[in-house]
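Take any residue in the sequence shown, note its place counting from 1, add 224, and you have its number in the numbering used here.
No residue lacks a Cβ here, since even glycine has one placed at the ideal position from N, Cα and C.
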Amino acid sequence: MDKRLERILPRVQKPARYVGGEYNEVRKDPREVDFRFAFCFPDTYEIGMSNLGYRILYGILNDMPGVWCQRAFAPWGDMEEEMRREGLLLYGLESGDPISDFDIIGFSLGYEMAYSNVLNMLDLAGLPLRSEDRPELTPLIVAGGTCAYNPEPLAPFIDLFVLGEGEDVTLEYIQLYRQAKEECWSKEEFLQEAAQIEGIYVPSFYEPIYNEDGTLAEMRIKEGSGAPEMVRKRIVEDMDKSYFPVKTIIPSTEIVHDRVMLELFRGCIRGCRFCQAGHTYRPLRRKSKETLMKQAEAILKNSGYEEISLSSLSTSDYGELSELTECMLDYCEPRHISLSLPSLRADSFSSELMQRVQKVRKSGLTFACEAGTQRLRDVINKNITEDDVLHACEIAFKGGWNNVKLYFMIGLPTETSEDLDGISEICKKVAYCWRMNTDNRQRGVKITASASCFVPKPQTPFQWDAQNSLEEFRGKQDYMKKIMRTKNVTYNWHDAETSVMEGVIARGDRRQGAAIYTAWKNGCKFDGWDQCFSYEKWMDAFASCGLDPKFYAYRQRPLDELFPWDHIGCGTLKDHLKREWERSRQAIVTPDCMQQCAACGSNRLLEGGKCCV
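Structure representation (structure tokens):
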């Protein structure tokens, strides 16, 4: 261990974040390694190590001969201060070596408010932030994740983006990089070849041209680059053959999701119009029950965890869920391992499923109602009713549950005060449902209603919609605080300022890179944390760069507008998104994929063009 690190650790909170050495961590002999990959997560260790995708790519890369993938997380303020004082560069946890000496530095982007941390981590590594200021091939800066479906705000800082699922495409561009390194290619030569790989976006090969009103006129391709007009995402088609980390790292300190996770399937059949993941993760691809059981047994044996969670966008949509849970409980119950089923839909909750879930340990239940009235649930295509929610709660309360969480959003398109009143009414009815369906009133009930602020996202039917202003959000939150007076109901709300800034960046263009840089220079980092976020600093940064945040957040866009992300193909057609937007204005529900194909276009990514529904 570096002597400077030894001096630092006693002076910081949670030093276990920064030392590595966990069980199942991958250590390699440096003499047998010719390529090193620094896998950076732009948030704390506890959040990064809870990310299943992060663990999957870590395992895939370390399975490659001669490749050593190491982890790096954003150090908290106390650790950063000590590192800068000691002159200690950001390092890989596995070796302690500065990541600036690695071949490729990769970032996982799951949240726009982590962008300032990306810049801060590059600076802590001692590297120039802008891609144009790093003329050499090494180190190359790459990024992927959900936010890459609009890569433009971070484009000035990233050499290449990975679109979609990284299992296959990551191996391809790493092999190309090793060839470039061996044959002494320039950075430009490598990027030209990399741009030919499906799923790779090289932003320096694209020049945005703007209209006088600030909207995008054209995304011009650099002459001679050979870059494609449309960069399409990559997917893993056969989930039964895909890599799964059955020998995963066991953190030496508590993390957010301190359990093992089992991925059931990718994609979603539902088509909620606000949901970016539901549109960008398509098409649906399932694992078989047999594969899941093998993976579950292996990961539990290798980890020692006493809880396993089934992971997907909508767990109850897994076709063999009943049979799978029965088999898993046969294995878990004798070993006192609890089975967690998050992402359950209220319309799929049954007494049979409830009884299975509570066999080992009874935890709280969560139902995402999203909106307070049926009209607004139809607008957003949620496809559940109030009766579904109350029926699910009735089953739960009769089964002995007394802890229910209800999730809502405020600021959804076409929302009225009646929709806000509807949130309060649902909560009242859930509380009444408990009183009518419990055998033990003395025990009490805990109903938590949480309301987040709606953020329109790229690649969704609501990408054209204006976001509520900060004043509108605050007014609605104040109104909700007045009407949410039901006994046994706790009302929580999300910070409106963070949501507005998330909305500004989510649909941003390349000009925002200057504002992100300025905000970081002014001290912005860990912006997803309420105690760190400064709305004023972000507003000042945009103003100093001559950009108006209202242009990005509060403006209703015409259906024919060219977006900064239109050359990024997530698999779902823009024409489909337009149709869904138009249906939303008539509150017309689109059936899920099991009932009727909506012609979203994602099946084109599959061999034979057939979805797994």
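Problem - Proximity to F697 [Cα-Cα], best of D383, E721 and K681 - result: E721
Problem - Cβ neighbour criterion (16 or more within 10 Å) applied to I433 - result: exposed
Handout entry: Residues that S428 bridges to, as DSSP identifies them
Key = Partner(s): none; S428 has no beta bridge.
Exercise for the section: Drop a sphere of 10 angstroms on the beta-carbon of I634, count the other beta-carbons inside from all chains shown, and report buried for 16 or more, exposed for fewer. Expected result: buried
Practice task
Count the other C-beta atoms from every protein chain shown that fall within 10 angstroms of the C-beta of A372, then say buried if there are 16 or more, exposed otherwise.
Solution key: buried
Exercise for the section: Just the C-alpha distance for M517 and D643, rounded to the nearest angstrom, thanks. Expected result: 43 Å
Handout entry: Straight-line Cα distance separating G244 from D258
Key = 22 Å
Practice task
Starting from the C-beta of S449, find all residues in its chain whose C-beta is less than 7 Å away, skip the five residues before and the five after it, and write them out in chain order.
Solution key: Q416, A419 and F429
Problem - Inter-residue Cα distance where the pair is A767 and G495 - result: 37 Å
Practice task
Can you grab the Cα-Cα spacing for the pair G283 / C651, in whole Å?
Solution key: 44 Å
Problem - Residue range of the beta strand (DSSP E) that includes N716 - result: V713 to W717
Practice task
Using 10 angstroms around the beta-carbon of R309, count the other beta-carbons present and answer buried if the total reaches 16, otherwise exposed.
Solution key: exposed
Practice task
Return the residue from the list S641, D611 and T672 that minimises the CA-CA distance to Y631.
Solution key: T672
Problem - Per-residue DSSP class, three states only, for G368 - result: strand
Practice task
List in chain order: all unbroken alpha helix (DSSP H) runs of 4+ residues lying wholly within the region 488-542.
Solution key: 500-504 and 513-527
Handout entry: Rounded straight-line distance, which links the Cα of A811 to that of Q820
Key = 18 Å
Practice task
Just the C-alpha distance for Y759 and Q691, rounded to the nearest angstrom, thanks.
Solution key: 17 Å
Handout entry: DSSP state of T722 mapped onto helix, strand, coil
Key = helix
Problem - DSSP bridge partner residues for R468 (one or two, in chain order) - result: The question names Arg, but residue 468 is Phe in the sequence shown. Beta-bridge pairing links F468 to no other residue.
Exercise for the section: Mind checking who Y853 pairs with in its DSSP beta bridge? Expected result: Because the chain in this structure spans residues 225 to 837, residue 853 falls outside the shown range and cannot be described.
Exercise for the section: Go to G330, then tell me how far its alpha helix (DSSP H) extends in each direction, as first and last residue. Expected result: Segment I328 to S332 is the beta strand (DSSP E) holding G330; no alpha helix (DSSP H) there.
Problem - Cβ pair L488, L534 closer than 8 Å - result: yes
Exercise for the section: Between the Cα of L636 and those of F621, G624, K629 and T597, spot the shortest distance and give me the residue it belongs to. Expected result: T597
Handout entry: alpha helix (DSSP H) segment containing K798, residue limits
Key = K798 to R809
Handout entry: Distance cut-off 7 Å: A690 Cβ against heavy atoms of the ligand GTP
Key = Here there are no bound small molecules, and the ligand GTP is not part of this structure.
Practice task
At 3 residues or longer, and completely inside the region 343-389: list those beta strand (DSSP E) runs for me, N to C.
Solution key: 364-368 and 384-386
Problem - Any beta strand (DSSP E) of 3 or more consecutive residues that is wholly inside the region 290-331 - result: 291-297
Problem - For P815 and S607, the rounded distance between their alpha carbons - result: For the sequence presented, residue 607 should be read as Asn rather than Ser. So the two alpha carbons sit approximately 8 Å from each other.
Exercise for the section: Please go through the same chain and pick out, in chain order, the residues whose beta-carbon is closer than 7 Å to the beta-carbon of S466, but skip the five residues on each side of it. Expected result: E391 and V460
Handout entry: Given C499 as reference, the closest of P322, T394 and T684 once Cα atoms are compared
Key = T684
Handout entry: Burial state of L783, where buried means 16 or more other Cβ atoms lie within 10 Å
Key = exposed
Practice task
Figure out for me which residue from Y656, H481 and T640 has the closest Cα to the Cα of E618.
Solution key: Y656
Problem - Exposure of N435, with buried meaning 16 or more beta-carbon neighbours within 10 Å - result: exposed
Handout entry: Sufficient close CB pairs (3 or more, under 8 Å) joining the region 722-729 to the region 693-710
Key = yes
Exercise for the section: Report the partner residues of T590 according to the DSSP bridge assignment. Expected result: K629
Practice task
On the DSSP bridge assignment, give the partners of A675 in chain order.
Solution key: F632 and W717
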